[in-house]
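Heads up: the structure comes next, in structure tokens.
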Amino acid sequence: MRFLPADLYQQIEQSIPLACVDFVLAREGSRGMEYGLIQRDSPFGVVWCHLGGRISRGESIREALLRHADDTLGVGLDLRADPQPDYVYQWFPPSDRSVDAAGFTFGDDPRKHAIGLSFVVRALGDPRPRNEAHTFEWFAFGDRPTGVWPGCGALLDRLGV
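Structure, rendered in structure tokens:
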């Protein structure tokens with residue numbers, strides 16, 4: 074993977090939408106189906122949110138999902154050879170837009186406009202938070218912790234968790 078100088082990456086973030094993968098881990102738990110979130114630092118303080126990040130040039134969607142799962146939780150993912158998103162969610166800086174003309178709301182990300190290919194996937198292994206993840210926790214489907222990244226709750230609803 075190639076890294077860009079911080080000033081160039083910031084200019085790119087402010088100029089064009091970025092392709093990203095967003096994903097939520099799911100499992101059959103003691104409370105029925107459960108989904109997992111990380112707690113991390115954000116422009117909104119410490120928040121709960123899904124996992125993911127940008128897709129690098131030359132990287133497949135599958136490779137991006139696996140890289141982010143390993144980097145953040147040290148797990149693999151149970152994926153098809155060519156995974157297809159369960160939902161495509163958009164994130165905008167609030168200064169650009171938070172609602173479209175039809176009244177549809179988007180996720181808030183003050184840093185960039187991102188198009189998130191969003192997945193619900195099963196982990197291979199036990200999640201061990203690292204790097205951006207302060208902690209990881211399982212929640213019952215439909216339950217929402219307080220303090221989620223703005224827009225993450227809507228994404229979870231649209232993913233059916």
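The opening position of the sequence shown corresponds to residue 74 in the numbering used here, with each subsequent residue numbered one higher.
Ideal Cβ positions, reconstructed from N, Cα and C, are used throughout, including at glycine.
Note that this is a predicted model, so its numbers are computed, not measured.
- Nearest Cα to V119 within the set L228, P218, L232 and Q83: P218.
- Look at I85 here: in three-state DSSP terms it is helix.
- Within a 10 Å sphere around the beta-carbon of H207 sit fewer than 16 other beta-carbons, which makes this residue exposed.
- In its chain, beyond the 5 residues on either side, R104, G105 and E107 have a beta carbon closer than 7 Å to the beta carbon of A213.
- Counted as a single uninterrupted DSSP element, the alpha helix (DSSP H) harbouring T145 occupies residues I134 to L146.
- Just measuring C-alpha positions, the residue of W164, A174, Y162 and G125 sitting nearest L150 is G125.
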